[in-house]
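Following: one structure in C-alpha cells, then a few remarks.
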Amino acid sequence: MNRGTFRHRRLHWLATIIAICAMGQGATCRAQSRSAATQQLEQRLAARVSVAWEGQELATALQRLADSQRLPLWIDRRVDPNAPIELTANDQPLSDVLDSIGAPHGWAATPYHGMLYFGPKQTASELLTLSALARQSIAKAPPDVRSRWLKPEAWTIARLSEPRGLLKQLARSAGAAVVDEREVPHDLWPERQLPPMSALDRAILLLSGFDLTCQISADGRKLRVLPIKRPLQLIGPAPPTASRSRPPQPRSAAKGTVQRFTLKIENQPAGRVLDQLARQLQLEVTWDAALQQTPAFGREANVSCDVHEADLDELLTAVLMPAGLTFEREERKVRIRRGE
Numbered sequence: 018m019n020r021g022t023f024r025h026r027r028l029h030w031l032a033t034i035i036a037i038c039a040m041g042q043g044a045t046c047r048a049q050s051r052s053a054a055t056q057q058l059e060q061r062l063a064a065r066v067s068v069a070w071e072g073q074e075l076a077t078a079l080q081r082l083a084d085s086q087r088l089p090l091w092i093d094r095r096v097d098p099n100a101p102i103e104l105t106a107n108d109q110p111l112s113d114v115l116d117s118i119g120a121p122h123g124w125a126a127t128p129y130h131g132m133l134y135f136g137p138k139q140t141a142s143e144l145l146t147l148s149a150l151a152r153q154s155i156a157k158a159p160p161d162v163r164s165r166w167l168k169p170e171a172w173t174i175a176r177l178s179e180p181r182g183l184l185k186q187l188a189r190s191a192g193a194a195v196v197d198e199r200e201v202p203h204d205l206w207p208e209r210q211l212p213p214m215s216a217l218d219r220a221i222l223l224l225s226g227f228d229l230t231c232q233i234s235a236d237g238r239k240l241r242v243l244p245i246k247r248p249l250q251l252i253g254p255a256p257p258t259a260s261r262s263r264p265p266q267p268r269s270a271a272k273g274t275v276q277r278f279t280l281k282i283e284n285q286p287a288g289r290v291l292d293q294l295a296r297q298l299q300l301e302v303t304w305d306a307a308l309q310q311t312p313a314f315g316r317e318a319n320v321s322c323d324v325h326e327a328d329l330d331e332l333l334t335a336v337l338m339p340a341g342l343t344f345e346r347e348e349r350k351v352r353i354r355r356g357e
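Numbering-wise, our numbering comes out as the position in the sequence shown, counting from 1, plus 17.
Below, the structure is given as C-alpha cells:
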C-alpha cells in the first residue's frame with residue numbers, strides 16, 4: 018500500500034481562509050485552533066481496521082467501513098457504487114485501506130469540513146481549495162452576509178432529491194438566488210445525512226460532482242455557477258507578480274512602517290522554505306510536536322505561493338495555508354501547527 022498517497026492529499030484538509038492579522042510592534046497573530054470534529058476525524062482515520070472483501074459492492078463496503086468508525090461519508094456521483102471490491106487488510110490504518118480501495122480506480126478519499134469525501138483523485142485534491150476560493154469572494158462582504166453563508170448547519174438530503182433543487186434551497190437559506198442554475202445537470206440522489214456545514218461549503222461539495230464550482234456576489238445575494246478553471250490558484254492579499262526562484266525580497270521601510278516581501282515558490286517542502294525564511298529574517302521557528310511525529314503533514318509537505326508586497330504575517334500565511342498549516346507569532350518567534 019502507498020501510505021504516502023493519503024498523507025499527501027491530507028495536506029489540503031484544512032485549507033480554509035485564515036484571518037490576516039495586522040503586523041505591529043509586539044503584535045501576536047493567532048489562527049483558530051482545530052475544531053473537535055477535525056480532531057475526531059484525524060483519530061478515526063488513524064484507527065486500525067481489518068477487512069476481507071471478495072466482490073463486495075463499493076458503496077456498501079465504504080458505508081459499512083465509515084459507519085464502523087462513525088465517519089460521515091460523501092461518495093461522489095461519478096463513482097460507480099456497484100463496482101466490485103477485492104481487498105484483504107489486517108490491522109491497517111483506515112487511511113491506508115481507503116487508499117487501497119481507491120487507487121486502482123483513480124479514486125481518493127479526503128476529509129472535508131467534518132466529513133469524508135470519496136471520489137475522483139483530482140476532485141479530492143482540489144475540494145478544499147475550491148472552498149477557500151469561494152470564501153474569498155465574500156471576504157470583504159458585510160459581517161451579516163458572511164454569517165449567512167458561513168454559519169454551519171446540519172444537512173439532510175431526502176431520497177431522490179435533485180441537486181439543482183438542493184442548490185436553490187441552500188442558496189435561499191443564505192438569502193440568495195442561483196444564477197445559471199441550468200448549468201447543473203439533472204440527477205437523482207440517495208438519502209444522506211451530513212454533519213453541520215456552511216451553505217457555501219455545501220454548495221462546493223454539491224457542484225464538485227459535476228466539475229463545477231460557484232462564486233458569491235459581493236452583496237451575498239447571488240450564487241453564480243461556474244466551470245472549474247484549472248490550475249486552481251489561491252490569490253494572496255496582494256497581486257501575484259513575483260519572479261519564481263528568488264528568495265523573499267524585503268522592501269526597504271522607514272522606521273515605524275511595515276516591511277514588505279515578495280516571494281514566489283512552487284512545490285517546495287514547507288520545512289525547507291521556513292528554514293530559509295528563518296535564516297534570512299532572523300526568525301525562531303518551532304514545529305508543533307504532532308507535526309514532528311508526522312513530517313509528511315508538516316515539514317515534508319509541498320507548498321506553493323506567489324505574493325507581492327506582503328507583510329510578514331501575510332507571507333507566512335501564503336506559505337503555510339496550501340498545506341493546511343497555520344502559525345502563532347510573537348515578535349520573531351513563530352510556532353507552526355495544523356490549521357482548523
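Backbone N, C-alpha and C fix where the C-beta goes; we use that ideal spot for every residue, glycine too.
All values reported here derive from a predicted model rather than from experimental measurement.
What three-state label does DSSP hand residue i in the structure shown?
{"i": "T146", "result": "helix"}
{"i": "K138", "result": "helix"}
{"i": "E317", "result": "coil"}
{"i": "E208", "result": "coil"}
{"i": "R61", "result": "helix"}
{"i": "G192", "result": "coil"}
{"i": "T45", "result": "Residue placement at T45 is poorly supported in this model, since its pLDDT is 27, which falls under 50; the coordinates still yield a value, given next. Of the three classes helix, strand and coil, the one that applies to T45 here is strand, per DSSP."}
{"i": "D323", "result": "strand"}
{"i": "P169", "result": "coil"}
{"i": "D108", "result": "strand"}
{"i": "T343", "result": "strand"}
{"i": "G288", "result": "helix"}
{"i": "A100", "result": "coil"}
{"i": "A255", "result": "Here the model assigns A255 a pLDDT of 33, short of 50, so the residue's position is not dependable, and the following value carries that caveat. The answer is coil: DSSP assigns A255 none of H, G, I, E or B."}
{"i": "L240", "result": "strand"}
{"i": "G72", "result": "strand"}
{"i": "P160", "result": "helix"}
{"i": "Q299", "result": "coil"}
{"i": "K350", "result": "strand"}
Rounded to a whole number of angstroms, what is the C-alpha to C-alpha distance between residue i and residue j?
{"i": "R189", "j": "A158", "result": "18 Å"}
{"i": "A171", "j": "I245", "result": "26 Å"}
{"i": "R346", "j": "Q285", "result": "22 Å"}
{"i": "R354", "j": "H203", "result": "42 Å"}
{"i": "V3", "j": "A340", "result": "One cannot answer for residue 3 here, as it falls past the ends of the chain, which runs 18 to 357."}
{"i": "R238", "j": "P160", "result": "14 Å"}
{"i": "D236", "j": "I155", "result": "8 Å"}
{"i": "N99", "j": "F278", "result": "52 Å"}
{"i": "A318", "j": "T146", "result": "16 Å"}
{"i": "R316", "j": "D113", "result": "21 Å"}
{"i": "I221", "j": "R209", "result": "16 Å"}
{"i": "M338", "j": "E74", "result": "37 Å"}
{"i": "G288", "j": "Q276", "result": "23 Å"}
{"i": "L79", "j": "H325", "result": "44 Å"}
{"i": "V201", "j": "Q86", "result": "33 Å"}
{"i": "W91", "j": "L211", "result": "8 Å"}
{"i": "Q297", "j": "D116", "result": "39 Å"}
{"i": "R61", "j": "L88", "result": "8 Å"}
Sorted by chain position, which residues of the same chain lie with C-beta nearer than 6 Å to residue i's C-beta, five sequence neighbours on each side aside?
{"i": "D218", "result": "H130, S148"}
{"i": "L58", "result": "P128"}
{"i": "L333", "result": "F344"}
{"i": "V195", "result": "L184, K185, A188, L240"}
{"i": "L291", "result": "V302"}
{"i": "A295", "result": "V302"}
{"i": "D63", "result": "The displayed chain sequence assigns Ala, not Asp, to residue 63. So the qualifying residues of the chain are P110."}
Which residues in the same chain have their Cβ closer than 7 Å to the Cβ of residue i, if we skip the five residues on either side of it in sequence?
{"i": "G123", "result": "P137, K138"}
{"i": "D108", "result": "R65, S67"}
{"i": "E71", "result": "E103"}
{"i": "W166", "result": "I155, A191, S215, A216, L217, I233, G237"}
{"i": "F227", "result": "V201, P202"}
Which whole-angstrom value describes the C-beta separation of residue i and residue j, a residue pair presumed to lie in contact below a C-beta threshold of 8 Å?
{"i": "L223", "j": "Q232", "result": "15 Å between Cβ atoms; not a contact."}
{"i": "L229", "j": "L205", "result": "Rounded, the Cβ-Cβ distance is 18 Å, inconsistent with contact."}
{"i": "L240", "j": "L150", "result": "About 14 Å; that fails the 8 Å criterion."}
{"i": "T105", "j": "A69", "result": "5 Å"}
{"i": "V351", "j": "L300", "result": "5 Å"}
{"i": "L342", "j": "S225", "result": "No, L342 and S225 are not in contact; Cβ-Cβ is about 23 Å, not under 8 Å."}
Below 8 Å CB to CB, which residues in the same chain sit around residue i once its five sequence neighbours on both sides are set aside?
{"i": "G119", "result": "A125, A126, F135, K138"}
With a threshold of 6 Å, establish whether the CB of residue i neighbours any heavy atom of the ligand GTP.
{"i": "T173", "result": "You won't find the ligand GTP in this model; it holds no ligand whatsoever."}
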